[in-house]
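Read through the structure below, which is laid out as structure tokens, and then see the notes.
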Amino acid sequence: MNKPHDIVPAHLAVQAMRDNGYKNAAYAIAELMDNAIQAGASQVELLCGQRMKQLTSRKSSHIEQIAVLDNGCGMDATVLRLALQFGNGTHLDKDQHTGIGRFGMGLPSSSISQCQRVDVWSWQNGVENALYTYLDLDEIKTRQLNEVPEPIPKSVPHRWLKVGQSFGYSGTLVVWSKIDRCMWRTGKTIIEHSELLIGRMYRKFLEHDRVKIRMYAFDLDTHGEILEKYALPNDPLYLMSKTSCPPPFDNQPMFQLWEGDVNPEITFIINFQGKDHEVKLRIAYATEEARKSENGKLPGALPHGKHAAKNVGISVVRAGRELELDQTLVNTYDPTERWWGVEVEFPPSLDDIFGVTNNKQSARNFAEVLALDIESLLENGKTITQLKEELREDQDPKLPLLDLADKINSILSLIRRLIKDQTKGDRTSGLKRHENYKPQKAATYITKERQNNGYTGESDKDEQLPKQQRKQAIQETLIEEGMPPTQAELLAATTVDDGLKYTFVEASLDTPAFFSVKPKGGAIIVTLNTKHPAYQNLVEVLEDNIEDADIDTLRSRLANSLDALKLLLMAWARYEDEQPEGIRKQNAQDARIDWGRLARRFLENEE
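So that you can map any letter, position 124 of the sequence shown is 124 in my numbering, and since no number is skipped, the others follow by simple counting.
In structure tokens form, the structure reads like this:
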């Protein structure tokens, strides 16, 4: 019986714990699967029993029991009793923080989030020697049950022996009944809605056959099969073979690893509590084959494109198991976001740094750092080094994550450009075709015309250098601007071999300028600053993929770009207006007139 002044009255606390934030039944089921994998199971089964019910005017199938069966090491009486206590368990000590488990909340917390009763059988020397205990919310509420019942020998019910296939020498069976909070009403819908999530959460275990996950829906009265599936890896980086992705990418990778770094797996070392811990970052983006249209359908409308749309975000992985697909950095309005993938993997020893929640559904500190607007924090001339020093003095746990978030942001800005280049115009590679370099060719023609009329530029003197030397100079500059080496080599070769005077690249520049101009190798490299609002509102909005855009969306984009152009011109007008009378104002006016004259000639030739 509870004492009248208990800090946490059990009958009230357990009711409150029902609202513990599990996103849906699939996440709650995953907690049970975590326990199974932690116990060394090679086979895990999700068993969903449903029954026909008479409603007011019709009969309908309804889920009545959900079970998770495994062939792990099983539990003795002491551990079984601990497993049903809230906040208790066998992996709470720091030296035990090495696997999926840790918080001691999984089994009871996930269970009561979906149902009012959970029954558990576990065995270590044959299923016929199973031990049994349970929790029942009605009994807790009425104070009939104040502690986890002492486990007793009890046979596993026949129905589970009949439908389960993983009853081994040792194992555990967890059964939910009195299900009242599962949004999915049948075993079939539970499996269909859980399949992709379970495949993504445990992809690293499934890929290497460390575990097999069977999902089975059946009729409780007849034991007849309704649906049976085996979970396939669902890789949001699409680098695995043999996954749940539709053909042709079910047996081959659909994405490619980011090539910008020497090692495609970037490792960050975080020192925490006197020890170094590794955080691994992997970034991938779609291959050109994945972005091809087919039978008049754009890639986003094809089966593999729809599959990718369900895996958008940063996959946060802890001990080989995904916590969540974080969407902090996702541009939700842009359908091309499905074509990149980011994975951040860290050990359980960094749970406090990443801010892992006790239901293992998110890493709060990491999400907060991703959402930080660093520039807004650098007020009054403060540098990033000074900001980090302040965070260090405040012992802010998020400090070690700043470099990781900055790396992700910088690479993503480049990858988004590559993705957009894949689908410009006729949907072929922007680097191979690049609109057939039409603007560059037009500008090159006019530049040669001006050279013949006696106008010279700084870049002109290098036009006579050997081709290979010119290519090397351009390539090195493109790489400095952030372009991957293989693509920089291709663009440099195209520029020189096709006799182009101009080439474009997009990069995140640490300057307030909209673009930079660099004469290299006899060419003029124009780098658009992707951090500048003019780029985002004028260039990017016009280059956005239109896979899912309707006519109203297109009109809105054009209107926004026109507004941006007007604002750009008004910014120049104000700049000129603010110049003091005299030589500076005259120079600004002259620059406007000279540039306008040159722009008119360039655009006349473009027409």
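Backbone N, C-alpha and C define an ideal beta-carbon position, used for all residues, glycine too.
Secondary structure of P485 (DSSP, three-state): helix. V356 is not a Cβ neighbour of A367, given a cutoff of 8 Å. Restricted to the stretch 122-184, the alpha helix (DSSP H) segments that are unbroken, complete and at least 4 residues in length are 137-141 and 158-163, listed in chain order. T336 and N311 have their C-alpha atoms some 12 Å from each other. The Cβ-Cβ distance between R81 and T142 does not fall below 8 Å. Distance from the Cα of E463 is smallest, within the candidate group G521, D235 and W572, for G521.
For the beta strand (DSSP E) assignment, the uninterrupted runs of no fewer than 3 residues enclosed by the stretch 267-291 are, from N- to C-terminal side, 275-286. Put simply, of Y27, S57, L131 and Q54 the residue whose alpha carbon is nearest the alpha carbon of L46 is Y27.
Taking C-beta separations shorter than 6 Å and ignoring five residues to either side along the sequence, the partners of E278 in its chain run T267, following chain order. Here R417 is buried, its C-beta having at least 16 other C-beta atoms within 10 Å. Annotated three-state conformation of E322 is strand, per DSSP. In this model, Y437 and L490 are separated by some 14 Å (Cα to Cα). Taking 8 Å as the cut-off, the Cβ atoms of L227 and K178 do not count as close. Per DSSP, reduced to three states, the secondary structure at K53 is strand.
When secondary structure is reduced to three states using DSSP, G199 falls in the helix class. The closest CA to that of F255, considering only E288, L281 and G274, is found on E288. Beta-bridge partners of F346 (DSSP): R318.
Annotation for R450: the continuous alpha helix (DSSP H) segment containing it runs K438 to N452. Assignment of F255 by DSSP, reduced to helix, strand and coil, places it in the strand class. Our two residues, C73 and S109, have alpha carbons roughly 22 Å apart in a direct line. Using a Cβ-Cβ distance cut-off of 8 Å, the stretch 145-164 and the stretch 183-199 are not in contact, since fewer than three pairs of beta carbons, one from each stretch, lie closer than that value. For the options L197, D76 and E345, the alpha carbon positioned closest to that of I152 is the one of D76.
Separation of the CB atoms of Q43 and S170 is rounded to 12 Å, and the pair is thereby denied contact status at 8 Å. Under a 10 Å Cβ-count criterion, T486 is classified as exposed, with fewer than 16 other Cβ atoms of the shown protein chains found around its own Cβ. Annotated three-state conformation of K59 is strand, per DSSP.
Boundaries around Y27 are those of the alpha helix (DSSP H), A25 to Q38, since no beta strand (DSSP E) includes it. For R214, there is no enclosing alpha helix (DSSP H); the residue is part of the beta strand (DSSP E) that begins and ends at K212 to D219.
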